[in-house]
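One line per chain: the protein sequences are A and B, in this order.
Residues in the first sequence are numbered consecutively from 9, following my numbering.
Residues in the second sequence are numbered consecutively from 31, following my numbering.
For each residue, glycine too, the CB sits at the ideal point set by N, CA and C.
It should be emphasised that the depicted structure is a prediction, and the values quoted were computed from it without experimental measurement.
Down below is the structure, laid out as structure tokens.
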Amino acid sequence: MKTIAKTKLIAFLEALSDDYRVVVPLQQGTEVEMGELDGGRLAVGYRGKTRFSAKECLFPESEVMLTFDNRGAGAVETTEHTPAEKTAVWGVRPCDLAGMATLDAVFLSPPVDTYYYARRANTLLLGLNCHEVGTSCFCRSFAAGPFASSGFDMIFTDVAERFLVESGSEVGARLLEQHGELFAEAGEADRQEAESLRLAAETAFTTTLDVPALLVALQEAFDDGVWEEQAKKCTLCGTCCIVCPTCHCFNVEDVRKTRKLFQRVRYWDSCQFTGFTRMAAENSRSTQGERWRQKIYDKFVYLPAVYDGLLGCTGCGRCLDLCQGNINIVQVLEKVSHGH
Amino acid sequence: MVTNVYLPRPSRIVSVREEAQGIKTFTVRAPEGEPSWPRFAPGQFLEVTVFGVGEAPFSITSAPGSPGELELTVAAVGEVTEELHALAAGDVIGVRGPYGRGFPIGDMKGRRLLFVAGGIGLAPLRSLIGHVISERDDYGEISIYYGARNPSLLCFCEDLTAWESAPHIQVRVTVDSPDAAWQGPVGTVTSLLAKEGYEAGGATAFVCGPPVMIRHTLRVLLEMGFAPKDVITTLERRMECGVGKCGHCTVGKARVCVDGPVFSCAELLDLKEGL
Chain A
9 MKTIAKTKLI AFLEALSDDY RVVVPLQQGT EVEMGELDGG RLAVGYRGKT
59 RFSAKECLFP ESEVMLTFDN RGAGAVETTE HTPAEKTAVW GVRPCDLAGM
109 ATLDAVFLSP PVDTYYYARR ANTLLLGLNC HEVGTSCFCR SFAAGPFASS
159 GFDMIFTDVA ERFLVESGSE VGARLLEQHG ELFAEAGEAD RQEAESLRLA
209 AETAFTTTLD VPALLVALQE AFDDGVWEEQ AKKCTLCGTC CIVCPTCHCF
259 NVEDVRKTRK LFQRVRYWDS CQFTGFTRMA AENSRSTQGE RWRQKIYDKF
309 VYLPAVYDGL LGCTGCGRCL DLCQGNINIV QVLEKVSHGH
Chain B
31 MVTNVYLPRP SRIVSVREEA QGIKTFTVRA PEGEPSWPRF APGQFLEVTV
81 FGVGEAPFSI TSAPGSPGEL ELTVAAVGEV TEELHALAAG DVIGVRGPYG
131 RGFPIGDMKG RRLLFVAGGI GLAPLRSLIG HVISERDDYG EISIYYGARN
181 PSLLCFCEDL TAWESAPHIQ VRVTVDSPDA AWQGPVGTVT SLLAKEGYEA
231 GGATAFVCGP PVMIRHTLRV LLEMGFAPKD VITTLERRME CGVGKCGHCT
281 VGKARVCVDG PVFSCAELLD LKEGL
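Shown next, in the form of structure tokens:
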């Protein structure tokens, strides 16, 4: 275990930028957003979470998959756009690291998704534990936070003037060694301080979800009126899916670039949109209640059934913060679990 | 290096046949550089790229195996399908697949088989019927009930005639709206089947058609005494990736592209959103 002075963090990140595109939390007005290291003011000691999840580093909002060059007479030349850029992401919160485990399950289970695989292999994840818990945070209910236990190459803990740093992978350990001049050995006092921060954070949650009770309740709640009732408040904006660290649905579209060049692009989609299941014959989810229920069941019932118990929620709370219809999913789910 | 599962392989259209009003059957050669199609089962589908337009899934219409050519039957109902209809012999499309879980051929041996299809829903069943006829002695009597909205929308008329003349195959064709020349039964295929009756014992039923027809027919077959596990259907859902990632085609926990598109009625009864 090592420590690094907060004043030296920038030196470490700049050193990484020799080999990696470096993505960090940037202070943007009152919000903190992930962005490139040279794109703004590094939010070194940021509290809470970035407004959007860090999933975009592995699964971008839109990406070009293929280019088709139509040469005529049936000759089409196809170019694959497999991402090759190496990226280091610093400041990833435990809830987002946990979300990446769900993305891994979806995209890396056979058949492997080429684009996600390449990006995943080329991405260094440098996590940042949460020593302060937001009012909408409930990651503790999933054991996803406030401190991360896996899913990172390195994990940082904010301890006053410095970060406590641990490696979580061979690459992370090698980097710690390689940049040894920036790091110092952690002492017992550092460890104890981190531990007391963890304990304090763990008891600071004001939002909690009884996950075991919910999983039981959902077995009988499919036909509950609660879904249609809540959906009345839904504005169909899809924000809950956009900000979610585990939502992974995408649409694919061919976009004309020139007369002969076409790009096949995929971009985030949302099961909350009316067109998500629309076909020529009919729409298999025709009401917003069905779509709202789908979001909940997919995260808590279907995904775990397909991917060995893995849940599609990490308790990051962003969908509570940003719901345009002011729907508090946790309150709704607690009602489902513990009666109306 | 990971194989890019999203990469379409160029395949040439060998011929195009007008199947019915607004419906064409495309014969497609194995992808360039491949001597034959990968082995496929009846009920599986291909993701087809019309270059410059987009991609959509279509069930394979022809009988299985590893032939040099296979057939896709497509109704022009959207952007990709309309542009596909504009293509001709010699044109190149992109293909991925075959994908999905086909019909449970192993469980059908020795049984009587009932096929119930509406409109272009006969397309995936035609692949299975072709396979069954190629191994005719392995199965009991075959009944095919087929319906369309009107006579101009009936697909595979030559096949229907050929099947009718084969031994121990009964073919019944009906339309909702007859024209002056129509001499057959009038009404939906499900009501014709219900009226004529069918002995469910020892039989397996296969159903495909528009979603509302499938739901209605499954109910009728259960009422006729079929066990849910002996009623098999194949579902259509909006798909993007075809390989279980994009989230569009789910029916409860099942992804139609990888867990289906073929499901037994018992499986659907078990799935949330199934029936």
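- Cys65/A is the residue among Ala208/A, Leu226/A, Cys65/A whose C-alpha sits nearest the C-alpha of Ala129/A.
- Here the C-alpha atom of Ala210/B lies approximately 12 Å from the C-alpha atom of Ser182/B.
- The alpha helix (DSSP H) runs of length 4 or more contained entirely in the stretch 173–216 of chain A are, from start to end of the chain, 178–186, 196–210.
- Taking a beta-carbon distance threshold of 7 Å, Tyr129/B does not count as an interface residue toward chain A.
- Scanning chain B for C-beta atoms nearer than 8 Å to the C-beta of Ser294/A yields nothing, as the closest lies near 11 Å away.
- The C-beta of Val314/A has 16 or more other C-beta atoms within 10 Å across all chains shown, which makes the residue buried.
- Counting along the chain, the unbroken beta strand (DSSP E) around Asp262/A starts and ends at 258–264.
- Any Cβ of chain A closer than 7 Å to the Cβ of Phe256/B would place that residue at the interface, and such an atom is absent.
- Fully contained in the stretch 46–113 of chain B are the following beta strand (DSSP E) runs of length 3 or more, in chain order: 53–59, 75–80, 84–89, 99–105.
- Non-local beta-carbon contacts of Val250/B in its own chain, meaning distances under 6 Å to residues more than five positions away in sequence, involve Thr220, Ala224 in chain order.
- Scanning chain B for C-beta atoms nearer than 8 Å to the C-beta of Val84/A yields Pro40, Phe81, Val122, Gly124, reported in chain order.
- In the assembly as shown, Val242/B is an exposed residue. Its beta-carbon has fewer than 16 other beta-carbons within 10 Å.
- In terms of beta-carbon proximity, Cys324/A stays away from the interface with chain B, with every pair separated by 7 Å or more.
- Annotation: the stretch 139–185 of chain B contains the following complete segments of the beta strand (DSSP E) (minimum length 3 residues), in chain order: 142–148, 172–178.
- In the DSSP assignment, no residue is bridged to Pro312/A.
- Near chain B, meaning a CB-to-CB distance below 8 Å, the residues of the stretch 258–271 of chain A are Phe258, Asn259, Val260, Glu261, Asp262, Arg264, Phe270.
- Residues of chain B whose Cβ lies closer than 7 Å to the Cβ of Tyr125/A are, in chain order, Val32.
- Proximity of chain B to Phe115/A at the Cβ level (cut-off 9 Å) is accounted for by Lys275, in chain order.
- The three-state secondary structure of Met9/A, taken from DSSP, is coil.
- Arg179/B has a beta carbon lying at 7 Å or more from every beta carbon in chain A.
- Between Arg206/A and Phe155/A a beta carbon distance of about 5 Å is seen, short of the 8 Å cut, so the two are scored as contacting.
- Contact annotation: Arg131/B and Val292/B have beta-carbon atoms nearer than 7 Å.
- Rounded to whole angstroms, Ile150/B and Ala105/B show a C-alpha spacing of 7 Å.
- Legend: CB atoms of the stretch 41–60 of chain B lying less than 7 Å from CB atoms of chain A belong to residues Arg42.
- At least 7 Å separates the CB of Asn130/A from every CB of chain B.
- Chain A places no beta carbon closer than 7 Å to that of Gly98/B, leaving this residue out of the contacts.
- Only exposed fits Asp137/B, as fewer than 16 other CB atoms lie within 10 angstroms of its CB.
- The Cβ atoms of Glu77/B and Arg156/B lie no closer than 7 Å to each other.
- Per DSSP, Met287/A lies in no beta strand (DSSP E) segment and is marked neither H nor E.
- Here Leu265/B is near Gly290/B, since their CB atoms are less than 7 Å apart.
- Chain-ordered listing is empty here: chain A has no CB closer than 9 Å to the CB of Leu252/B, the nearest sitting near 20 Å.
- Where Glu229/B is concerned, there is no enclosing beta strand (DSSP E), because DSSP gives it neither an H nor an E.
- Using a 10 angstroms sphere on the CB of Cys187/B, the tally of other CB atoms stays under 16, which defines it as exposed.
- Inter-residue distance for Arg69/B and Glu203/A is about 58 Å (C-alpha atoms, whole angstroms).
- No Cβ of chain A is located within less than 7 Å of the beta carbon of Val78/B.
- Taken through DSSP and simplified to helix, strand or coil, Cys238/B comes out as strand.
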